[in-house]
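A.B. asks: First, the structure itself, so that you have it in front of you.
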Amino acid sequence: MSEPQITKEIPDFQQPPDVGVLRNGAFLRLWIAQLLTQIGGNVVLYGLTVLVAERSGSTSALSLLFLSFLVPAVALSPISGVWVDRLDKRLVLIVANFTRAVAFFLMLGSVDTLGIVLLLNIFASFMTTIFAPAELAMIPMLVRRDQLTSANGLFTFTLNAAFALGFALIGPAVVRIAGPEASITLVAILFLFAGVLCIGLPAAPPASHADGLIGSTRSSTRTTTSELVEGLRYIRAHGSVGWSLLYLAIAASVVGLMGVLGPDYVADALGLEARDFWLIVLPIGLGVVTGILALNSWGKAVSRRRLIEGGLLGVGAGLALLALAEPISAAISDGASSLGGLPIGPGASALATVIFVAYFAGAAYGLVAIPAQTALQEELPVEVRGRVFGVLNMLVSLGSFVPI
Numbered sequence: 069m070s071e072p073q074i075t076k077e078i079p080d081f082q083q084p085p086d087v088g089v090l091r092n093g094a095f096l097r098l099w100i101a102q103l104l105t106q107i108g109g110n111v112v113l114y115g116l117t118v119l120v121a122e123r124s125g126s127t128s129a130l131s132l133l134f135l136s137f138l139v140p141a142v143a144l145s146p147i148s149g150v151w152v153d154r155l156d157k158r159l160v161l162i163v164a165n166f167t168r169a170v171a172f173f174l175m176l177g178s179v180d181t182l183g184i185v186l187l188l189n190i191f192a193s194f195m196t197t198i199f200a201p202a203e204l205a206m207i208p209m210l211v212r213r214d215q216l217t218s219a220n221g222l223f224t225f226t227l228n229a230a231f232a233l234g235f236a237l238i239g240p241a242v243v244r245i246a247g248p249e250a251s252i253t254l255v256a257i258l259f260l261f262a263g264v265l266c267i268g269l270p271a272a273p274p275a276s277h278a279d280g281l282i283g284s285t286r287s288s289t290r291t292t293t294s295e296l297v298e299g300l301r302y303i304r305a306h307g308s309v310g311w312s313l314l315y316l317a318i319a320a321s322v323v324g325l326m327g328v329l330g331p332d333y334v335a336d337a338l339g340l341e342a343r344d345f346w347l348i349v350l351p352i353g354l355g356v357v358t359g360i361l362a363l364n365s366w367g368k369a370v371s372r373r374r375l376i377e378g379g380l381l382g383v384g385a386g387l388a389l390l391a392l393a394e395p396i397s398a399a400i401s402d403g404a405s406s407l408g409g410l411p412i413g414p415g416a417s418a419l420a421t422v423i424f425v426a427y428f429a430g431a432a433y434g435l436v437a438i439p440a441q442t443a444l445q446e447e448l449p450v451e452v453r454g455r456v457f458g459v460l461n462m463l464v465s466l467g468s469f470v471p472i
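Counting in the numbering used here, the final residue of the sequence shown is number 472, and the numbers go up one at a time with none missing.
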């Protein structure tokens, strides 16, 4: 794989999509259901991370938790769409939401038993894997063709906004105020409301398929495997595409590393509680937003390759500085005292150092992920785009597995 030639300028990023499509009552129901489930999924990710960290105090247990989120998505994504095509999509949405609500209500009675928590979360993740394609397949059934771009743009915008709201704001706030169990209760209620909203959607019966559900699943598995192989061949023949994929996989592994080690780091290095994990998460999220704004303002003046390389160096430097936060904070505290300034305790200076470094790392991450993703979208021919993005999903998932 040759050195990457990612030299194009960064295009302007899209503004929030036109929301006129929300005047469509059926689509509005589907969109609110998406908003509730996406926020709920991110809230429970944060809540369970804190719960497992506080109950077990083990990074191995946290690794198992993240695997319970990832494995169903990796294993079943290729065939979940086939199942959705053979079922009534409205029914899939209703069942997926109600069963996830039940799973989280049951989890409340088993928070001290890690095995049951993991099994219930695997089930909820499995239902999410089925819910996602059914939700997307419903969109063209609810809106006119000329509204599809706005509808899909709104869903994509909501997906990204829900992560910031759920994982960086609502989840930490609920856990801080009422504990991780309260976050699970909130998520169960959100899924319950989403299921009620989906009841009001029009029926979406499947088209007839002669090969049946089992035959279609086998065929889809074979097709998916062959398309992944074709995607890998294309990547080997086009070095710049391969480098972009590698950058995104590295970025995913860094995110996974921070997710696994973050709660223990907050407790051990800062002397706080695992539920104070938000002190790292929120600055990272704000940093990513800053990175996006910086790309909009100054990205055109710098090549993508330089942005990505600088971003990777920044992320690496951020991780190194987090490891050195304690001696750095001690030096700051000693320096302030020797200069006759206000006394700064080691704990306060360590916290300030971590918040600054996390913000810096988030901005650097944005400089890696966004240009690399944009390069792929612009450079890939339409006829291979799906296959290469299939490889991307696989690599990102594997990248998330590495630190776990």
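Glycine included, C-beta positions come from ideal geometry on N, C-alpha and C.
Here the structure is a predicted model, which means the values were calculated and not measured.
Return the residue from the list I318, M326, L113, L314 that minimises the CA-CA distance to P240.
C.D. replies: In the sequence shown, residue 240 corresponds to position 172, counting from 1. Closest option to P240, Cα to Cα, is L113.
A.B. asks: If I follow the unbroken alpha helix (DSSP H) through V112, where does it start and stop?
C.D. replies: Counted from its first residue, the sequence shown places residue 112 at position 44. Residues 93-124.
A.B. asks: Would D180 be called buried (16 or more neighbouring beta carbons within 10 Å of its own) or exposed?
C.D. replies: Walking along the sequence shown from the start, residue 180 turns up at place 112. D180 comes out exposed.
A.B. asks: Nearest to L392 by CA position, among R373, L155, A426, L380, is which residue?
C.D. replies: Counting from 1 along the sequence shown, the entry for residue 392 is found at position 324. Comparing Cα positions, the closest option is A426.
A.B. asks: Determine, using beta-carbon pairs with one atom in the region 210-227 and one in the region 182-190, whether at least three such pairs fall under 8 Å.
C.D. replies: no
A.B. asks: Within 10 Å of its beta-carbon, does R97 have 16 or more other beta-carbons around it, so buried, or fewer, so exposed?
C.D. replies: For this step, residue 97 is matched to residue 29 along the sequence shown. Classified as buried, R97 has 16 or more neighbouring CB atoms from the shown chains inside 10 Å of its CB.
A.B. asks: Can you tell me the Cα-Cα spacing of P201 and L103, whole angstroms?
C.D. replies: Here residue 201 corresponds to residue number 133 of the sequence shown, with the count starting at 1. Here residue 103 corresponds to residue number 35 of the sequence shown, with the count starting at 1. When rounded, the distance between both Cα atoms is 15 Å.
A.B. asks: For N110, tell me which candidate among F134, P273, C266, S128 has the shortest Cα-Cα distance.
C.D. replies: Indexing the sequence shown from 1 puts residue 110 at position 42. Ranked by Cα distance from N110, the first of F134, P273, C266, S128 is F134.
A.B. asks: Could you give the distance in angstroms between the alpha-carbon of Q441 and the alpha-carbon of G355?
C.D. replies: The residue given as residue 441 occupies position 373 in the sequence shown. The residue given as residue 355 occupies position 287 in the sequence shown. Near 18 Å, if we compare the C-alpha coordinates of G355 and Q441.
A.B. asks: With DSSP run on the structure shown, which of helix, strand or coil describes D156?
C.D. replies: Here residue 156 corresponds to residue number 88 of the sequence shown, with the count starting at 1. D156: coil per DSSP, three-state reduction.
A.B. asks: Hey, how far is the Cα of L265 from the Cα of A101?
C.D. replies: Here residue 265 corresponds to residue number 197 of the sequence shown, with the count starting at 1. Here residue 101 corresponds to residue number 33 of the sequence shown, with the count starting at 1. Taking the straight line joining both Cα atoms gives about 6 Å.
A.B. asks: Determine the direct distance from the alpha carbon of V118 to that of L161, and round the result to whole angstroms.
C.D. replies: Against the sequence shown, residue 161 aligns to sequence position 93. Against the sequence shown, residue 118 aligns to sequence position 50. Taking the straight line joining both Cα atoms gives about 29 Å.
A.B. asks: CB L254 to CB G108, shorter than 9 Å?
C.D. replies: Within the sequence shown, numbered from 1, the residue matching residue 254 stands at position 186. Within the sequence shown, numbered from 1, the residue matching residue 108 stands at position 40. Contact: yes.
A.B. asks: So, for V211: in the same chain, excluding its five sequence neighbours on each side, which residues have a beta-carbon less than 7 Å away from its beta-carbon?
C.D. replies: Indexing the sequence shown from 1 puts residue 211 at position 143. Excluding its 5 nearest sequence neighbours in each direction, V211 has C-beta neighbours in its own chain below 7 Å: V89, N92, F95, A219, listed in chain order.
A.B. asks: Is the CB-CB distance between R123 and G247 below 9 Å?
C.D. replies: The residue given as residue 123 occupies position 55 in the sequence shown. The residue given as residue 247 occupies position 179 in the sequence shown. Cβ distance not < 9 Å, so R123 and G247 don't count as in contact.
A.B. asks: Please state if the CB of G384 and the CB of A431 are separated by a distance shorter than 9 Å.
C.D. replies: Reading the sequence shown from its first residue, position 363 is the one you call residue 431. Reading the sequence shown from its first residue, position 316 is the one you call residue 384. Taking C-beta atoms as the reference points, A431 and G384 fail to come closer than 9 Å.
A.B. asks: In its own chain, which residues sit with a C-beta less than 6 Å from the C-beta of A171, not counting the 5 before and 5 after it?
C.D. replies: On the sequence shown, residue 171 is found 103 positions in, with the first residue counted as 1. Result list for A171: L188, F191, A192, in chain order.
A.B. asks: Taking the C-alpha atoms as reference points, what is the distance between K368 and L390?
C.D. replies: Numbered from 1 along the sequence shown, position 300 holds the residue referred to as residue 368. Numbered from 1 along the sequence shown, position 322 holds the residue referred to as residue 390. Distance from the CA of K368 to the CA of L390, rounded to the nearest whole angstrom, comes to 31 Å.
A.B. asks: With C-beta atoms as the reference, is P140 less than 9 Å away from T105?
C.D. replies: Residue mapping note: residue 140 aligns to position 72 of the sequence shown, counting from 1. Residue mapping note: residue 105 aligns to position 37 of the sequence shown, counting from 1. It is not a contact, given that the beta carbons lie outside the stated cut-off.
A.B. asks: With distances taken from CA atoms, which of G330, D153, F194 is nearest V120?
C.D. replies: Residue 120 sits at position 52 when you count from the first residue of the sequence shown. Nearest option by C-alpha distance: G330.
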